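Structure follows, in structure tokens:
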């Protein structure tokens with residue numbers, strides 16, 4: 195509180211209210227330990243806060259330069275302020291105390307009215323669960339549902355969820371945000387082969403076989419729907435390890451795909467690892483070592499100690515290792531994520 199009293203004039207009113215409320219630990223302590231008054235004077239100042247004083251009971255008394263019932267910002271006639279100034283010169287403050295009783299109600303109400311239209315503030319600092327529930331509805335979730343805590347991480351992408359269409363550009367933006375800015379390329383209409391159900395396979399000599407015009411040779415068919423290709427990278431060792439199956443970013447990605455895609459699709463995830471981030475596998479040393487995913491017998495260049503960074507145009511695909519991870523359907527095993 196000493197820093198607040200020394201630098202009170204540097205704060206805006208609403209900023210000071212947020213700081214005081216956070217330091218005092220909630221609305222109850224704030225209402226008990228903070229008092230308000232208007233600045234008693236007829237001079238015009240260019241700041242919100244005139245001063246903060248501590249009384250004998252260690253309560254903060256905040257003198258404000260606006261929204262008061264006396265002073266230059268008062269809606270009342272000037273002679274009210276002049277009478278209070280005369281009272282103060284005589285060493286009394288009875289009439290001013292009556293006005294300050296109203297100020298102790300008006301200024302907190304002003305702050306609450308300011309917060310009401312700022313949902314992010316009521317959720318992050320005031321813990322308003324009703325407001326949080328309304329925000330979660332934008333990403334298709336709600337409090338009380340499984341993984342509601344993880345759904346809160348998707349709130350910053352609510353603008354992508356509210357759109358009726360789910361474009362590849364929006365999906366790339368979502369993946370880029372989850373991976374902290376890694377380069378992302380999303381490919382739609384990926385060619386894939388699916389097996390035909392037994393009822394749709396042509397069998398000679400059976401009455402239930404499809405008509406000749408609808409018959410298909412073989413037990414599978416190629417198509418260009420139902421599969422989305424996602425390529426992330428080139429990335430460094432830390433991000434690469436976090437994107438492997440079962441790791442933190444991999445779980446977040448699966449959760450984001452399940453919420454974002456309107457229709458279930460199979461996701462083919464490919465990672466590009468920078469060649470200078472490859473570390474040869476060594477027994478007993480933590481790090482790379484997943485067979486078929488992050489195991490190298492030798493490194494082609496000296497490993498880099500630099501953190502993961504992705505300046506545009508700094509890396510090409512030929513300078514990175516391509517690792518294809520097992521595909522999955524966006525709607526499967528969501529409870530495990």
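Numbering (our numbering), first residue to last: 195 to 531.
We treat Cβ as the ideally placed atom computed from N, Cα and C, and that holds for glycine.
All figures in this text were calculated on a predicted structure; none of them were measured in a lab.
| Asked | Found |
| --- | --- |
| If residue 265 sits next to residue 234, beta carbons under 8 Å apart, how far is it from one beta carbon to the other, in whole angstroms? | 6 Å |
| Check each candidate in 347, 383, 412 and 446 and name the one with the smallest Cα separation from residue 459. | 383 |
| Alpha carbon to alpha carbon, how far is residue 376 from residue 255? | 49 Å |
| Comparing the C-beta of residue 412 with each C-beta of chain C, is any distance below 8 Å? | Reference to chain C is not applicable here, since this structure consists of a single protein chain. |
| At which residues does the beta strand (DSSP E) containing residue 450 begin and terminate? | Residue 450 -> not in any beta strand (DSSP E); alpha helix (DSSP H) instead, spanning 442 to 454. |
| Apart from the five residues just before and just after residue 305, which ones in its own chain have a Cβ nearer than 6 Å to its Cβ? | 211 |
| Quick test of the definition: if touching needs 3 or more C-beta pairs under 8 Å, does the segment 417 to 435 touch the segment 326 to 341? | no |
| Report the rounded CA-to-CA distance for residue 417 versus residue 488, giving the unit in angstroms. | 31 Å |
| On a CA-only basis, which of 196, 236, 223 and 243 is nearest residue 206? Give me that one, please. | 243 |
| Could you check if residue 202 is buried or exposed, using at least 16 other CB atoms within 10 Å of its CB as the buried criterion? | buried |
| Just checking my contact of residue 301 with residue 208 at CB under 8 Å: how many whole Å lie between their CB atoms? | Not really, about 11 Å apart at Cβ, beyond 8 Å. |
| Would you decide whether residue 310 is buried or exposed? Buried here means 16 or more other CB atoms lie within 10 Å of its CB. | exposed |
| Assuming residue 452 contacts residue 524 (C-beta within less than 8 Å), just tell me the rounded distance between them. | 5 Å |
| In three-state DSSP terms, what is residue 421? | strand |
| Should residue 290 and residue 303 be called a contact, given that it needs their Cβ atoms to be closer than 8 Å? | no |
| Tell me the residue span of the beta strand (DSSP E) that contains residue 462. | 460 to 468 |
| In whole angstroms, what separates the C-alpha of residue 238 from that of residue 267? | 9 Å |
| For the beta strand (DSSP E) containing residue 258, name the first residue and the last one. | 254 to 258 |
| Can you tell me which of the three DSSP states residue 376 falls into? | coil |
| So residue 466 and residue 427 are in contact, right, with Cβ under 8 Å, and what is the actual spacing, rounded? | 3 Å |
| In the DSSP assignment, the alpha helix (DSSP H) including residue 313 goes from what residue to what residue? | 313 to 318 |
| Which stretch, first to last residue, makes up the alpha helix (DSSP H) that contains residue 323? | 323 to 331 |
| So residue 514 is in the beta strand (DSSP E); what residue range does that whole segment cover? | 514 to 518 |
| For residue 248, which beta-bridge partners are listed by DSSP? | 254 |
| Using a Cβ-Cβ cut-off of 8 Å (strictly less than) and excluding sequence neighbours within five positions of residue 248, which residues of its own chain qualify? | 195, 199, 254 and 255 |
| Do residue 415 and residue 388 have their beta-carbon atoms positioned less than 8 Å apart in this structure? | yes |
| From 441, 469, 251 and 236, pick the residue whose C-alpha is nearest to that of residue 227; which is it? | 251 |
| Under the three-state reduction of DSSP, which class applies to residue 206: helix, strand or coil? | coil |
| According to DSSP, is residue 427 helix, strand or coil? | strand |
| On a Cα-Cα basis, can you pick out the residue from 519, 454, 358 and 470 that is closest to residue 486? | 519 |
| Relative to the C-alpha of residue 322, which residue among 337, 421 and 287 is closest? | 337 |
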